[in-house]
Structure formats: structure tokens, C-alpha cells
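Visitor: Can you keep this structure in mind? I'll have questions shortly.
Residue numbers (the numbering used here): 34 to 643.
Below is the structure:
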């Protein structure tokens, strides 16, 4: 095993040899001849297992995995449209300090991701009218940076071929692909954490007894960015890694190389201005809400129905970290054998403390553990370079093969049967592409049964690409019953006299999804059934050609009609939109009402607007 003072152990350049940096390369206290025989490198690794070609392949893989669906998947409730709507209002008002969703203060997360989304909207020339894919640009950028940063991180411990595997595992993970398509914090947060950990790993491995100014700058800047994006999460992950390294190695002097005094000042200079500005703008209520209610509330109880018992995250990782768990199972014996190696020590200090904290927090969502993914990928990749899986027990290989192949087959079945369950037809190209992914998945699983896990990677990559293109590019967008908000806005566009979105006034009662607010506009009001009746009863609603509409969900319809009768309003239902609200799985049926007096004479309204 390479000594921990080595920055990046050299990779073996010979075709039949393995890199000299895996967890079994040089076992402490044993002769290196006892190490498992490394597999012959496949052709693709000879081509791309280099410092120049590996990042190029990872970038190409990221584009194939993360781009499909960016344009045609509607906003996914509820977090994504909350972020995009708040950013949209920043662009509309010019207030880039206070974060708001309509009139409600959104004091949950810091401002970093909102600024990034606003910058994307401005740089593309769209401004407040930017389509959804523009707001998603920081997320796809964050996911891609995470993949490339994972390669850079791994190079501190191993050669480029092994680091390529680490980047692949980050790119292929299901949860990373999901977050790459959601305009929120987690993809970019992951990138900042990996960059900080990459700098930290080099500082720890070098331990030079002097300041490493370049690495210190990268470390503290990435840490500050993580705080501006999602508060203390990145600080917790990196901080517990540092503490773990100090405890396990019984040394703390190495951290002086990170320039903690100067770096801490630089960190404060980066994060303090906005925190001071938001304190002044909100008279301190931001911190009361963000820390007292959002952060501590998630620790103490499951917010918004997302509570779960301890060990939930561990079970969830078997799915959301796919395909890594299958390879981890085969690599575990080698990892345990080299548990005292610098690579494994760093990975353990990264993963274990933060995982324990996440399990103890009452609120649990699958994306919470994303920053821990590279900590598992590091030792797995190194073990694969040393021949993990080649000598594994048959029962272990079967379990790994099932973990690898079953999700791909399950998605293929769901792509075909799911639309029928929802009452619509499946997407033919989507079904075919996802089914092809299942074939590749079974081929990868079969490869695990026959030898070293390393040789299964090409089929795994093809599986992930087919699933990404099929599910996000075709199957998902074709599930029209779950995309209620886009269909509701389209129905509003079809109402005579209401084609111009900027001139129509819409209120909604019973259907409060943020996606509808983002798509219809900031001016959309969420009110009670009685308020909706009063809104349509106003004199402006009685004018012929008026476009004042109340969207009433069926559960509120009786109250709305009763209130209308009480005040003498005669509402007319112009259209109905039904579907499935994926938040809670409830069926929804929404009627679009107008004042009956305004309906007359509007049949040619749209033509007049044109």
C-alpha cells in the first residue's frame, strides 16, 4: 500500500499489470505477493485510463446521462418550482438578498443556488421569462463538476484508470441523475463537497509541515460555496472528516498545512456579506426560520411527511446509489483487508460520521446522502483495479448480480406497465430504449457472475445511458396524467380571450402546487373558495371578454358554488383538468370557472388578441 505521504501513487503503465494504489496493492504486514492477482486491463481502460482522456470520457458520459429530459420534463413538485419561482421573483423585483415565494418569505436555505439560477437566466438573455431548463443549468453543471471533481479527488490516492472508475460511479448513480434535472441545491452542493474533500485529501496525504496555499485556497473557497448553497451540510461532512482523520491517526498537526487562520478569515469574507445583508433585511428572522424551524425541525421530527426510522438511508442507498452497491458487495473483502490503508481510512472518516448523523436526523430524503457517494466509490474502484469479484463466492456474485440487473429490468417493466396504470399509453421509443437498457443490465449482471467486476463496467454504462434517454427523454414526459400543472396552464391558454398570459388574472383554490404558480406566473393567487367567488363577482369579471378565472379543485367546488350562490354570482365552468398529484398520490379534478356574464362575446377573443 502506498504510504500516506504520497500525493498520487503512480499507475502501472503495463497492459497486464494493475495500478499500485488499490486497497490490496501492498497489505500492511504482508508480502505483496499475497495480494490478489490483478485483472488484465480491458481495451477501453488502455484508451481512456489517462489524465487527458479520462476527463474527456467522463464529460461525454455526463452529457449522455444528464442532458435527456432537461427541456421536456415539466417542473417536479414541490421543491424545484419553489426554488425557480423564488429566483424568478428575484429577477422580477431586482431584490437579490431577500428570498420569497410570492408574498411568503422563503427562509430555509441560503442564497447561493438562487444567485446561480439568476445568473443563468441573465447570461442566456431570458431574464424573468426564462424557461425551466435555464433554471436547471446550475444543477447539470453541478452534477458534471461532481463527476470531474471525483476523478480529481481519486487521483490523490490512485492512478488515472482507477480514478476513472470513481468518476463513472458518481456519474452513473441514479440519485445524481435525478438531481442533475432538478433546479435546486443538491447537485451543486455535491460538487463543492467533493472539491473540498479533494483538497483536504491532498493536504492530509502530503503532511509537509508547511502551508499549502494553493490547496488551502481551493479548500476554503469550496467550503464557503457549500455554506452559501445549503448552509451547514457541507461544513458538517467536511468537518467530521477532519475530526475523524485526527482521531484515527492521533495527529492534528497536519491540518496546519490548510492555513486554518488565514483560510478561516477568507471563508468568513466569502460567506459573511450575504448573511449580514439578510440579517438586516429580515431583522434576523431568516436565522430564526432557517435554523430554528427548518434545520432543527428536520433534526427533531420528520418535516412534510418525510420522517423515517434510523437505517433508512442505508436501505435507500441500495437503490439510489445504483450501480455502486453491487460492486461494493464484491469489493468489501478487499476493502476490509486493507482497512488501515490511507485510502480506506480517508473514505471511512468521510462516510461513517456523516452517515450516522444523517440516520439520526428525523427527516430523511434520498438525496441527503449524495455527498457521501464518492466516499464509497473510492475504495470500490481501487478494489476493482485489484481484481474484486474474480475470486468471490458464488452466492456473493449472485447477490451482486441481482442488485445490478434487477433495477434495470424493473424500470423496463414500469416503463411499459406504468402508463396503463395511470390510464394512458406508454411511449413506444421510451419502452424500446429502456428495454434495451434492461438487456445491457442483464449482460452486466452476467459478467459479474463470470469473473472480475471491472469487466462489467461498459455494459453498466450502456444500461445507465439507455435508462436516462428512455425514462427522462420519453417515458416520463409522456405520463400526461401526472403533469397536472402544465395541462392546467394549457387549458387556460385555450380559453377564448385568455391566450395572452400577461393579461389574464387567475386564482386557485384547492390546488396549490408550486409548479402551477411558476408556470402561470407570480400574480397567480392562492385563496379560499369564498375568496374565489368574490374574485369572480367583482365588476371587472362581468365585463364581456374579461379573462378572470378561478381554478377550483373538486374538493373545494361545493364550498365555491355555495359562496357564489350566496353573493349572486353565476359561475360557468369552461374546462376541467384531471390527473394524479404525485405529491401524496391523490386524484385531482380542477374546474376553470369564469363569471357567466363575461363569457358572452368572447368566442373570437383569441383571434382579436392575435
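Note that the Cβ used here is the ideal one computed from N, Cα and C, for glycine as well.
Quantities reported herein were computed from a predicted structural model and do not represent experimental measurements.
Check residue 395 in the structure and name its three-state DSSP category.
Guide: coil
Visitor: Can you give me the C-alpha to C-alpha distance between residue 122 and residue 238, rounded to a whole angstrom?
Guide: 46 angstroms
Visitor: Return helix, strand or coil for residue 421, following the three-state DSSP convention.
Guide: coil
Visitor: Let me know the alpha helix (DSSP H) ranges lying completely inside the segment 222 to 307, each 4 residues or longer, listed in chain order.
Guide: 246 to 263, 265 to 282
Visitor: What is the DSSP secondary structure of residue 85, counted as helix, strand or coil?
Guide: coil
Visitor: Buried or exposed: residue 140, going by 16 or more other Cβ atoms within 10 Å of its Cβ?
Guide: buried
Visitor: Considering residue 27, what are the terminal residues of the alpha helix (DSSP H) in which it resides?
Guide: In the structure displayed, the chain extends from 34 to 643; residue 27 sits before or after that span and is not available.
Visitor: Comparing alpha-carbon positions, which option in 294, 92, 304, 455 lies nearest residue 513?
Guide: For the residues 294, 92, 304, 455, the minimum Cα distance to residue 513 belongs to 455.
Visitor: Let me know the secondary structure DSSP gives residue 620 once reduced to three states.
Guide: strand
Visitor: In or out: residue 523 buried (at least 16 other Cβ within 10 Å) or exposed?
Guide: exposed
Visitor: My understanding is that residue 380 touches residue 411, with C-beta atoms under 8 angstroms, so please give their C-beta distance in whole angstroms.
Guide: Yes, they are in contact, since the Cβ atoms of residue 380 and residue 411 sit about 5 angstroms apart, within 8 angstroms.
Visitor: What distance in whole Å lies between the Cβ atoms of residue 444 and residue 356, which are believed to be in contact at a cut-off of 8 angstroms?
Guide: Incorrect: roughly 13 angstroms between the Cβ atoms, too far for contact.
Visitor: Do residue 228 and residue 204 have their CB atoms nearer than 8 angstroms?
Guide: With respect to the 8 angstroms criterion, residue 228 and residue 204 are not classified as neighbours on the basis of their beta carbons.
Visitor: Can you tell me whether residue 122 is helix, strand or coil according to DSSP?
Guide: DSSP places residue 122 in helix when its eight states are reduced to three.
Visitor: Reducing DSSP to helix, strand and coil, say where residue 629 ends up.
Guide: helix
Visitor: Report the start-end ranges of each alpha helix (DSSP H) in the segment 186 to 220 that is 4 residues or longer and not cut off at the edges.
Guide: 193 to 205, 207 to 212
Visitor: Would the segment 471 to 485 and the segment 425 to 442 be scored as touching if the rule is three or more Cβ pairs under 8 angstroms?
Guide: yes
Visitor: Quick one: residues in its chain with C-beta nearer than 6 angstroms to the C-beta of residue 471, no 5 flanking neighbours on either side, listed in chain order?
Guide: 441, 442, 445
Visitor: Under the rule that 16 or more other beta-carbon atoms within 10 Å means buried, what is residue 591, buried or exposed?
Guide: exposed
Visitor: Give me the Cβ distance between residue 414 and residue 266, rounded to the nearest whole Å; I'm assuming they're in contact under 8 angstroms.
Guide: 25 angstroms between Cβ atoms; not a contact.
Visitor: Looking at C-beta atoms only, is the number of pairs between the segment 594 to 602 and the segment 496 to 504 that lie closer than 8 angstroms three or more?
Guide: no
Visitor: With a threshold of 7 angstroms (Cβ to nearest heavy atom), would residue 116 be considered close to the ligand PLP?
Guide: The ligand PLP is not among the ligands present in this structure, which contains no ligands whatsoever.
Visitor: Using 10 angstroms around the beta-carbon of residue 80, count the other beta-carbons present and answer buried if the total reaches 16, otherwise exposed.
Guide: exposed
Visitor: Considering only the alpha carbon of each residue, which of 369, 395, 404 lies closest to residue 179?
Guide: 404
Visitor: Reducing DSSP to helix, strand and coil, say where residue 557 ends up.
Guide: coil
Visitor: Leaving out five residues before and five after residue 388 in sequence, what residues of the same chain have Cβ atoms less than 8 angstroms from its Cβ?
Guide: Here residue 388 has 346, 347, 402, 405 as same chain residues with Cβ atoms under 8 angstroms from its own Cβ, once five neighbours each way along the sequence are excluded.
Visitor: Classify residue 60 as helix, strand or coil using the three-state DSSP reduction.
Guide: For residue 60, the predicted model reports a pLDDT of 37, less than 50, meaning its position is unreliable; a value from the coordinates is still stated below. Coil, per DSSP.
Visitor: Where does residue 132 sit, in a helix, a strand or coil, going by DSSP?
Guide: Coil at residue 132, not helix or strand.
Visitor: For residue 13, collect the residues of the same chain with a Cβ closer than 8 angstroms to its Cβ; drop the 5 residues on either side in sequence, then sort them by chain order.
Guide: Since the first residue of the chain shown is 34 and the last is 643, residue 13 is not available in this structure.
Visitor: Out of 497, 515, 567, 573, which one is the CA nearest neighbour of residue 536?
Guide: 573
Visitor: So residue 590 is in the alpha helix (DSSP H); what residue range does that whole segment cover?
Guide: Start and end: 587 to 600.
Visitor: Could you have a look at residue 608 and say whether DSSP puts it in helix, strand or coil?
Guide: strand
Visitor: I'd like the list of long-range same chain contacts for residue 624, defined as Cβ closer than 6 angstroms, with 5 residues on each side in sequence excluded.
Guide: Residues 585, 606, 609 of the same chain have their beta carbon placed closer than 6 angstroms to that of residue 624, with the five preceding and five following residues left out of the count.
Visitor: Is residue 548 helix, strand or coil when you go by DSSP?
Guide: helix
Visitor: Would you kindly check if the distance between the Cβ of residue 120 and the Cβ of residue 147 is under 8 angstroms?
Guide: yes
Visitor: Just confirm the distance between the C-beta atoms of residue 145 and residue 261, as a whole number of angstroms; I'd bet it's less than 8 angstroms.
Guide: 4 angstroms
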